[in-house]
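Reviewing the structure listed below.
In this note's numbering, the protein residues as written are 3 to 270.
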């Protein structure tokens, strides 16, 4: 297991193509600081060109994923800031979600305990969400006098749970348990107990061994086709598939199939 040379205010390690990032402020339910936001934004950008990482897993220490922005170091400290400073902050938090969605690698959120505010949006921006029975979701922005549409929640949430459920969650700001989140379609896999990480790493290992170029293309197409009509989507998929049909991993599949072996994908 290798440690990134940079210093972060969260735990970060890489092993066998899987990067595991652990929010590590358990005494405040892993609340985010300005430094954590900035470091996460920059790390996600760096991961675009980091060939050692094929999958990113996000999780939290101490039984909770993330309770959102720190009340004292962010909310309290910024109340008297001017509009320019507020806009710089909100653009920075949005850049975290933008970089998550633009990262051409799968992101899995391993969720347990409190997953609230910005933590809930970060979980939402992941490609896959594995949640323990202890997980509690809350998009609580309106409960603190802010718009529920924050960090892309107004864009992402309706696409995951539908517009009616999104309005319910963003307007009321209620806390829902894991079973309700599962019923709403907010999570991909609900696991028993309090530790979602083993199940998340199981999926991560499968993805890390998979055709990384094809997976990245799939993520990109899912993003891009949200705003296309059917004709444009069909043409985009035809072009993307034609490119991958000329790729090395597709050939490796066929050669392995002929000899009844499991393909060893190389990401080209």
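Even for Gly, the Cβ is constructed at its ideal location relative to N, Cα and C.
Does the contact criterion of 3 or more C-beta pairs under 8 Å hold for the region 107–115 versus the region 133–153?
Judged by pairs of C-beta atoms under 8 Å, the region 107–115 touches the region 133–153, as three or more such pairs exist.
Tell me where the alpha helix (DSSP H) around residue 219 begins and ends.
Boundaries of the alpha helix (DSSP H) around residue 219: 214–227.
Would you decide whether residue 37 is buried or exposed? Buried here means 16 or more other CB atoms lie within 10 Å of its CB.
Label assigned to residue 37: exposed.
If you count every other CB in all the chains shown that lies within 10 Å of the CB of residue 243, and 16 or more means buried, which is it?
Burial call: exposed.
Taking all protein chains shown into account, decide if residue 12 is buried (16 or more other Cβ within 10 angstroms of its Cβ) or exposed.
Counting Cβ neighbours within 10 Å, residue 12 comes out buried, since at least 16 surround it.
Same chain only: Cβ atoms within 8 Å of residue 172, ignoring 5 sequence neighbours per side
Excluding positions up to five away in sequence, the list reads 141, 143, 144, 150, 151, 155, 156, 159.
Proximal residues to residue 18 (C-beta, below 8 Å), its chain only, five neighbours per side dropped
207, 210, listed in sequence order.
So if DSSP puts residue 22 in a beta bridge, which residue, or which two residues, is it bridged to?
Residue 22 is bridged to 15, 59.
Classification of residue 8 by the beta-carbon crowding that lies within 10 angstroms, buried from 16 upward
Residue 8 is exposed by the Cβ-count criterion.
Tell me the DSSP bridge mates of residue 272?
In this structure the chain extends from 3 to 270, so residue 272 is not present and cannot be described.
Could you name the residues of the same chain whose beta carbon sits closer than 8 Å to that of residue 184, not counting the 5 residues immediately before and after it, in chain order?
Residues of the same chain with a CB within less than 8 Å of the CB of residue 184, apart from the 5 flanking positions on each side, are 133, 192 in chain order.
Take the Cβ of residue 224 as the centre, count every other Cβ of all protein chains shown within 10 Å, and call the residue buried at 16 or more, exposed below.
Classification of residue 224: exposed, given that the 10 Å Cβ count is below 16.
Starting from the N-terminal side, write out each stretch of the beta strand (DSSP E) that is 3 residues or longer and does not extend beyond the region 43–95.
Taken in chain order, the complete beta strand (DSSP E) segments of 3 residues or longer contained in the region 43–95 are 57–62.
May I have the straight-line CA-CA distance separating residue 3 from residue 75, to the nearest angstrom?
Model confidence at residue 3 stands at a pLDDT of 46, short of 50, so the residue's coordinates are unreliable and nothing is read from them.
Nearer than 6 Å: is that true of the beta carbon of residue 89 relative to any heavy atom of the ligand ATP?
The ligand ATP is absent from the structure shown, which contains no ligands of any kind.
Start and end of the beta strand (DSSP E) containing residue 117?
DSSP places residue 117 inside the beta strand (DSSP E), whose first and last residues are 116–118.
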